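Participant: My questions will all concern the structure given below.
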Amino acid sequence: GLGGGQSIKENRWDIFPYQITFHNYVDPAPEWYKESVFYQIFVDRFYNGNEDEKVSNPKHNSFLYATWKDTPMYIKDKQGGILRWDFFGGNLKGVIKKLDYLKTMGIGGIYLNPIFKARSNHKYDTGNYLEIDEMFGDEEIFKTLIYEAEKRGIKIVLDGVFNHVGDDSIYFNAYGNYDDLGAAQSKDSKYYEWFNFKDYPTDYESWWGVKDLPNVNEHNPSYREFIVGEDGVIQKWSKLGLGGWRLDVADEMPDDFIKDIRIALEQSHDNQILIGEVWEDASNKVAYGQRRKYLLGEEIHSTMNYPFKDNVIGFIKGYVKARQVYTKLMSLKENYPKEAFYSALNNLGTHDTRRIYTELDRIELLNLAVGMLFTYPGVPCIYYGDEAGMKGEADPYNRGPYPWGYEKNEIMDTYKSNIELRNSSLAFTKGDFIPFYQENLFGYLRVHEDDVYLIMVNRDLEDCRLVISDAIGLEAIDNHLKQNLDDEYHIKRNSFECIKIEMFRNS
Numbered sequence: 078g079l080g081g082g083q084s085i086k087e088n089r090w091d092i093f094p095y096q097i098t099f100h101n102y103v104d105p106a107p108e109w110y111k112e113s114v115f116y117q118i119f120v121d122r123f124y125n126g127n128e129d130e131k132v133s134n135p136k137h138n139s140f141l142y143a144t145w146k147d148t149p150m151y152i153k154d155k156q157g158g159i160l161r162w163d164f165f166g167g168n169l170k171g172v173i174k175k176l177d178y179l180k181t182m183g184i185g186g187i188y189l190n191p192i193f194k195a196r197s198n199h200k201y202d203t204g205n206y207l208e209i210d211e212m213f214g215d216e217e218i219f220k221t222l223i224y225e226a227e228k229r230g231i232k233i234v235l236d237g238v239f240n241h242v243g244d245d246s247i248y249f250n251a252y253g254n255y256d257d258l259g260a261a262q263s264k265d266s267k268y269y270e271w272f273n274f275k276d277y278p279t280d281y282e283s284w285w286g287v288k289d290l291p292n293v294n295e296h297n298p299s300y301r302e303f304i305v306g307e308d309g310v311i312q313k314w315s316k317l318g319l320g321g322w323r324l325d326v327a328d329e330m331p332d333d334f335i336k337d338i339r340i341a342l343e344q345s346h347d348n349q350i351l352i353g354e355v356w357e358d359a360s361n362k363v364a365y366g367q368r369r370k371y372l373l374g375e376e377i378h379s380t381m382n383y384p385f386k387d388n389v390i391g392f393i394k395g396y397v398k399a400r401q402v403y404t405k406l407m408s409l410k411e412n413y414p415k416e417a418f419y420s421a422l423n424n425l426g427t428h429d430t431r432r433i434y435t436e437l438d439r440i441e442l443l444n445l446a447v448g449m450l451f452t453y454p455g456v457p458c459i460y461y462g463d464e465a466g467m468k469g470e471a472d473p474y475n476r477g478p479y480p481w482g483y484e485k486n487e488i489m490d491t492y493k494s495n496i497e498l499r500n501s502s503l504a505f506t507k508g509d510f511i512p513f514y515q516e517n518l519f520g521y522l523r524v525h526e527d528d529v530y531l532i533m534v535n536r537d538l539e540d541c542r543l544v545i546s547d548a549i550g551l552e553a554i555d556n557h558l559k560q561n562l563d564d565e566y567h568i569k570r571n572s573f574e575c576i577k578i579e580m581f582r583n584s
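Okay, structure coming up:
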């Protein structure tokens, strides 16, 4: 395991455990997806596309910021509940108006945080799966977004939140804001069986005990038909020309439900992606006492790659050693079916984590992380504003408004050059991944036929040398490749190096 190849290890510390994952069949993600750079948008904080720049259809008792430059905040009661939801006014028209910006950057896919009707700014508390939130727009504007994005070679991926809904929803209707009879109003509601009440109507199962987010029973036939049926939620929106879905909290959804979502997706379109939110190694994930089957060929194509993010940040900040990051990333390669490994949605941060520039604090360290994001196997995803140098601690500060006109040009240039690099070579989308380490240096080769790149990451405060014959992980590379590498490479302190190897020497 761990790239040992044909070498013999004399030191027991160089022996690593490994697993073998048996999957039902090869499950390739769409080619357009694997070749794309993605961009995640938290819609309320991205851009207001209204001509008058006013907030569209503000909700009752909501808090509207005075300027786009304000710092986000929560207005809570003593128990930590949200008293008033806060909004900046970003909307789908704003996304449409910034499509040319994204196209110029080299973006091929947009992952939108939830856009369905909901009380909050984040929309993970779905109020109605069949309507776009009126603060963001409507179905016609969403169709326009899909059309305009498609013209620019950009696909739209939606966030599917199917494990829970909002207590202020047409389904639960705890506050009576909908005409339909909700589950919290009467046991005669057609939605009553969707929820698991402990002491009706005030005590019920909810997501991690958050009472605003009552869990749905995904095993309930009525709910399942509503989501995955012939006229269900998945098909309604997918038939508009989506690029696919990202499944929120996939590890809290039954395997057979995810499988049904995949079937519904393929019935509506055969070229869409299904990505799951899983924070750990998805190949051996155990959730609620069950070994999960995410990657065995019938559920998701792959996952959001949080293990990549954690190891990159840990390595660059110095609390994960080069040997450890080699072990962790090689384990992902060995554990995941090949198609899932090359289809993972890689990120350096999301709406659930601190901003990457806040994590690393220095531009020279940020450059290392960005370089790895765009040269590592999988599909890189930029959290909106990271390319502009946005900072932010945990929620809500990581969800600030995009700083239009105040971008940090040095960071913008780093992202643009790395996107250009990734889009320039099949080595970064299809190429083999050969990681290695030497003392405090971590690196990898990306190899597609004779298109070869050597990547080296030195997070040390001193310059160092890579000696090919001494690097752990390069012992078993083929002679043709080895003969085209120099014996030594020099890399400066705190730097990322990507060297194109000219394959002109014969084996």
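Per the numbering used here, residue 78 is the first one in the sequence shown, and the count goes up by one each step. A virtual CB, placed ideally from N, CA and C, is assigned to each residue, including glycine. All figures in this text were calculated on a predicted structure; none of them were measured in a lab.
What does the Cβ neighbour count give for Ser-408, buried or exposed, with the cut at 16 atoms within 10 Å?
Facilitator: Under this definition Ser-408 is a buried residue.
Participant: Candidates Ser-246, Leu-317 and Tyr-110: which alpha carbon is nearest Tyr-206's?
Facilitator: Nearest C-alpha to Tyr-206: Ser-246.
Participant: Going by DSSP, what residues sit across from Pro-473 in a beta bridge?
Facilitator: Answer by DSSP bridge pairing: none, since Pro-473 is not bridged.
Participant: Can you list, in chain order, the residues of its chain with a C-beta nearer than 6 Å to that of Tyr-255? Leave out the 5 residues immediately preceding and following it.
Facilitator: Result list for Tyr-255: Ile-247, in chain order.
Participant: In chain order, what residues of the same chain have a beta carbon less than 7 Å from the beta carbon of Gly-81, not counting five sequence neighbours either side?
Facilitator: Residue placement at Gly-81 is poorly supported in this model, since its pLDDT is 49, which falls under 50; the coordinates still yield a value, given next. Excluding positions up to five away in sequence, the list is empty.
Participant: Using a Cβ-Cβ cutoff of less than 6 Å, which residues in the same chain neighbour Asn-535 once the five nearest sequence positions on both sides are dropped?
Facilitator: Excluding positions up to five away in sequence, the list reads Leu-518, Cys-541, Ile-568 and Ser-572.
Participant: Which residues bound the beta strand (DSSP E) around Ala-195?
Facilitator: Here the beta strand (DSSP E) through Ala-195 covers 193-195.
Participant: With a threshold of 7 Å on Cβ separation, who are the neighbours of Arg-570 within its own chain once the five nearest residues in sequence on each side are excluded?
Facilitator: The answer, listed in chain order, is Asn-535, Asp-537, Leu-538, Glu-539 and Asp-540.
Participant: Decide if the segment 177-193 is in contact with the segment 115-123; the criterion is three or more beta carbon pairs, one per stretch, under 8 Å apart.
Facilitator: With the cut-off at 8 Å, the segment 177-193 and the segment 115-123 touch.
Participant: If distances are taken between C-alpha atoms only, which option among Lys-370, Ile-393 and Asp-358 comes closest to Met-381?
Facilitator: The candidate whose alpha carbon is nearest that of Met-381 is Asp-358.
Participant: For the segment 424-436 and the segment 318-335, state whether three or more C-beta atom pairs, one from each stretch, are separated by less than 8 Å.
Facilitator: Flag = no, the segment 424-436 and the segment 318-335 do not touch.
Participant: Would you kindly work out how many angstroms separate the C-alpha atoms of Phe-581 and Phe-510, rounded to a whole number?
Facilitator: Their Cα atoms are separated by approximately 21 Å.
Participant: Since Ile-118 sits in a beta bridge, which residues does DSSP pair it with?
Facilitator: Note: Ile-118 sits in a beta bridge opposite Leu-189.
Participant: Considering only the beta carbon of each residue, do Trp-271 and Val-305 sit closer than 9 Å?
Facilitator: No, the Cβ-Cβ distance between Trp-271 and Val-305 is not below 9 Å.
Participant: With distances taken Cα to Cα, identify the nearest neighbour of Gln-515 among Tyr-492, Tyr-403 and Glu-579.
Facilitator: That would be Tyr-403, whose Cα lies nearest to the Cα of Gln-515.
Participant: How long is the line joining the alpha carbons of Val-456 and Asp-490, rounded to whole angstroms?
Facilitator: So the two alpha carbons sit approximately 20 Å from each other.
Participant: Any idea if Tyr-530 is buried or exposed, counting beta-carbon neighbours within 10 angstroms, 16 or more meaning buried?
Facilitator: By the 10 Å Cβ count, Tyr-530 comes out buried.
Participant: Between Lys-264 and the rest of its own chain, which residues show a CB-CB distance below 8 Å, the 5 nearest in sequence each way excluded?
Facilitator: Once the five neighbours on either side are set aside, the close Cβ partners of Lys-264 are Tyr-277.
Participant: If I'm right that Glu-208 touches Phe-193 with Cβ under 8 Å, what's the distance once you round it to whole angstroms?
Facilitator: That belief holds up - the Cβ atoms of Glu-208 and Phe-193 are roughly 6 Å apart, short of 8 Å.
Participant: Which whole runs of the beta strand (DSSP E) in the segment 341-384 are 3 residues long or more, in chain order?
Facilitator: Fully enclosed beta strand (DSSP E) runs of 3 or longer: 350-353 and 379-382.
Participant: Does the Cβ-Cβ distance between Ala-417 and Ser-379 come in under 9 Å?
Facilitator: Going by C-beta atoms, Ala-417 is nearer than 9 Å to Ser-379.
Participant: Go through its chain and collect everything with a Cβ distance to Ala-465's Cβ below 6 Å, but skip five positions before and after it.
Facilitator: Once the five neighbours on either side are set aside, the close Cβ partners of Ala-465 are Pro-480 and Glu-484.
Participant: According to DSSP, simplified to helix, strand and coil, what is Tyr-110?
Facilitator: Of the three classes helix, strand and coil, the one that applies to Tyr-110 here is helix, per DSSP.
Participant: For a test of the three-state rule: what should DSSP assign to Val-144, helix, strand or coil?
Facilitator: Looking at the sequence provided, one finds Thr at residue 144 rather than Val. Thr-144: coil per DSSP, three-state reduction.
Participant: Could you compute how far the alpha carbon of Phe-239 sits from the alpha carbon of Leu-543?
Facilitator: About 48 Å.
Participant: Is Asn-240 close to chain D, meaning its C-beta is less than 9 Å from at least one C-beta of that chain?
Facilitator: Of the protein chains in the structure, only one exists, and it is not chain D.
Participant: Between which two residues does the alpha helix (DSSP H) harbouring Pro-298 extend?
Facilitator: Start and end: 298-305.
Participant: Using 8 Å as the cut-off, can you tell me whether the segment 169-183 makes contact with the segment 134-144, which would need three or more C-beta pairs spanning the two stretches below that distance?
Facilitator: These segments do not touch.
Participant: Relative to the alpha-carbon of Ala-251, which residue among Gly-237, Lys-468, Ile-488 and Tyr-269 has its alpha-carbon at the smallest distance?
Facilitator: Minimum Cα distance to Ala-251 is reached at Tyr-269.
Participant: Using CA atoms only, rank isn't needed, just tell me which of Ile-173, Tyr-281, Thr-452 and Leu-372 is closest to Ser-494.
Facilitator: The candidate whose alpha carbon is nearest that of Ser-494 is Thr-452.
Participant: Using the Cα positions of Leu-442 and Glu-217, report the straight-line distance between them to the nearest angstrom.
Facilitator: Looking at the two C-alpha atoms, the distance is approximately 43 Å.
Participant: Is Lys-559 helix, strand or coil when you go by DSSP?
Facilitator: Three-state DSSP puts Lys-559 in a helix.
Participant: Between Gln-83 and the rest of its own chain, which residues show a CB-CB distance below 6 Å, the 5 nearest in sequence each way excluded?
Facilitator: Low per-residue confidence applies at Gln-83: pLDDT is 49, beneath 50, and the placement is therefore not dependable, though the value from the model is reported in the following sentence. Result list for Gln-83: Ala-553, in chain order.
Participant: For Trp-322, which beta-bridge partners are listed by DSSP?
Facilitator: Answer is Leu-235 and Leu-351.
Participant: Using only alpha-carbon positions, find the residue among Leu-522, Gln-312, Glu-302 and Lys-232 that is nearest to Asp-555.
Facilitator: The candidate whose alpha carbon is nearest that of Asp-555 is Leu-522.
Participant: Any idea what DSSP makes of Glu-565, helix, strand or coil?
Facilitator: Glu-565 falls in the strand class under three-state DSSP.
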